[in-house]
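Everything below concerns the one structure shown next.
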């Protein structure tokens, strides 16, 4: 191979390495950057990383601005690696594209075009018009997964929905009468808490709230602050004020979504405890799940983790509103009187809508991961 050929190969390898770092940095913002996407950025000059950044809590500053701030004057003539197209519009902060131009960046390697109609290629165009070399597409497959919530919200007006269920060896999710059972081990519980921290919201139905009295926070050491918004679907406003969810509402936000005909008195009591209450239309005596997700999207939620029981899971699967599923399987046998995870028809529907993409052991349990194709 010629010297020029080796140089080209080395350049591609470096680009991949720096983009991988940018993607890794971006994931630090998952669950904390909403309503903005969790972007990562790396600035490289003369084979040295001179700046790095990721979207900060609440969505600002953007990753590019953080990386430029850290790089300072070293950004002039450098290459910026970024996991999503830099913004080109004035929102609550000036366009990142303008800041990149002003900093003297010479080249931008961008994983994806932003589906936000206010950007949609305009950021890349602005950079090119300023004489900056722009390459788009490196790391796109991983970036699409990392930005799935932002993409879904922009394109479909709803958040990305991930379903999580722990299932016993005989296909149960609870004991008789919905009695809670520790189905999986401690390593799975740690994984679930990490998934919570990476989600904007965690959603359950009123049946699970009443049966389990959960608190739904992230209980990994030092990560309580990263607990997601907690959402309970409670069409009749039956959640009692003494529940752990309500009692902790002043520390970790709680949103209850009720039906349009739910009584007013419970709402007043819940609001007095610091609970946010919203209402959506009901269909066949059930909340309209599409309306629920659209409501969450209007509030900036991009990624929802569903930890509700089989009733909510089945309703979302049947409505084709599940984009990703993480199923944890254990060797525990609960017995015939336990609560079934799925009806066979529901599991078949899940298999048609999603494809199994990975599986791995976690301690004595197993995780199967499904995604929309």
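Numbering (my numbering), first residue to last: 101 to 473.
Built from N, CA and C at the ideal position, the CB exists for glycine as well.
| Can you give the Cα-Cα distance for residue 116 and residue 224, rounded to whole angstroms? | Indexing the chain shown from 1 puts residue 116 at position 16. Indexing the chain shown from 1 puts residue 224 at position 124. Approximately 20 Å between the Cα atoms of the pair.
| query | If you check the beta carbons only, do residue 62 and residue 332 fall under 7 Å apart? | reply | Outside the shown range of the chain, which is 101 to 473, sits residue 62, and nothing can be said about it.
| field | Span separating the alpha-carbon of residue 101 from that of residue 455 | value | Here residue 101 refers to the residue found at position 1 when the chain shown is read from its first residue. Here residue 455 refers to the residue found at position 355 when the chain shown is read from its first residue. With a pLDDT of 39 at residue 101, under the threshold of 50, the modelled position of this residue cannot be trusted; read the value that follows with caution. Each residue's alpha carbon lies about 41 Å from the other.
| task | Would you tell me roughly how many angstroms separate the C-alpha atoms of residue 159 and residue 312, rounded to the nearest one? | result | Position 59 of the chain shown holds residue 159. Position 212 of the chain shown holds residue 312. Their backbone Cα atoms lie some 33 Å apart in a straight line.
| message | Once the 5 residues before and after residue 123 are set aside, which same chain residues still bring their CB inside 8 Å of it? | response | Position 23 of the chain shown, counting from 1, holds the residue named residue 123. Closer than 8 Å at the Cβ level, and outside the excluded window around residue 123, lie 140, 183, 211, 239, 242, 243 and 246.
| For residue 412, the first and last residue of its enclosing beta strand (DSSP E) | Taking the first residue of the chain shown as 1, we reach residue 412 at position 312. Residue 412 -> not in any beta strand (DSSP E); alpha helix (DSSP H) instead, spanning 410-418.
| field | Contact set for residue 163: own chain, Cβ-Cβ below 7 Å, skip 5 residues either direction | value | The residue labelled residue 163 in the question sits at position 63 within the chain shown. Sequence-distant partners of residue 163 (beyond 5 residues in either direction) whose C-beta falls short of 7 Å from its own C-beta, in its chain, are 126, 139, 140, 141, 153, 154, 155 and 182.
| Is residue 280 buried or exposed, if buried means 16 or more other CB atoms sit within 10 Å of its CB? | Position 180 of the chain shown, counted from the first residue, corresponds to residue 280. If you draw a 10 Å sphere on the C-beta of residue 280, you find fewer than 16 other C-beta atoms in it, and that means exposed.
| message | Going by DSSP in three states, residue 323 sits in which element: helix, strand or coil? | response | Your numbering for residue 323 matches position 223 in the chain shown. If DSSP states are grouped into helix, strand and coil, residue 323 belongs with coil.
| Beta-carbon contacts of residue 258 that lie in its chain and below 8 Å, excluding the five residues immediately before and after | In the chain shown, residue 258 corresponds to position 158, counting from 1. Closer than 8 Å at Cβ, skipping near neighbours: 252, 390, 393, 394, 396, 397 and 421.
| How many Å lie between residue 457 and residue 386 at the Cα? | Numbered from 1 along the chain shown, position 357 holds the residue referred to as residue 457. Numbered from 1 along the chain shown, position 286 holds the residue referred to as residue 386. A direct Cα-Cα distance of roughly 32 Å separates residue 457 from residue 386.
| query | Which residue from 329, 218, 318 and 185 puts its Cα closest to that of residue 208? | reply | For the purposes of this step, residue 208 is identified with residue 108 of the chain shown, where counting begins at 1. For the options 329, 218, 318 and 185, the alpha carbon positioned closest to that of residue 208 is the one of 185.
| field | Endpoints, the beta strand (DSSP E) within which residue 428 is located | value | As a working note, residue 428 is residue 328 in the chain shown. The continuous beta strand (DSSP E) containing residue 428 extends over residues 424-429.
| Counting Cβ pairs closer than 8 Å, one from the region 264-279 and one from the region 401-413, do we hit at least three? | Verdict: yes, contact present.
| said: Measuring only the C-alpha atoms, how far is residue 203 from residue 114? | reply: For the purposes of this step, residue 203 is taken as residue 103 along the chain shown, with counting starting at 1. For the purposes of this step, residue 114 is taken as residue 14 along the chain shown, with counting starting at 1. In a straight line, the C-alpha of residue 203 is about 22 Å away from that of residue 114.
| request: Please name the residue in 339, 165 and 143 whose C-alpha comes closest to that of residue 366. | output: Counted from its first residue, the chain shown places residue 366 at position 266. Cα-wise, what sits closest to residue 366 is 339.
| request: Taking 7 Å as the cut-off, decide whether the C-beta atoms of residue 450 and residue 273 are in contact. | output: The residue you call residue 450 lines up with position 350 of the chain shown. The residue you call residue 273 lines up with position 173 of the chain shown. Their beta carbons are not under 7 Å apart, which means residue 450 does not touch residue 273 by this criterion.
| field | Residue(s) in a DSSP beta bridge with residue 455 | value | For the purposes of this step, residue 455 is taken as residue 355 along the chain shown, with counting starting at 1. The partner list for residue 455 (beta bridge, DSSP) reads 471.
| task | Report the partner residues of residue 382 according to the DSSP bridge assignment. | result | As a first step, residue 382 is located in the chain shown; it is residue number 282 there, counting from the start. According to the DSSP secondary-structure assignment, residue 382 is paired through a beta bridge with 387.
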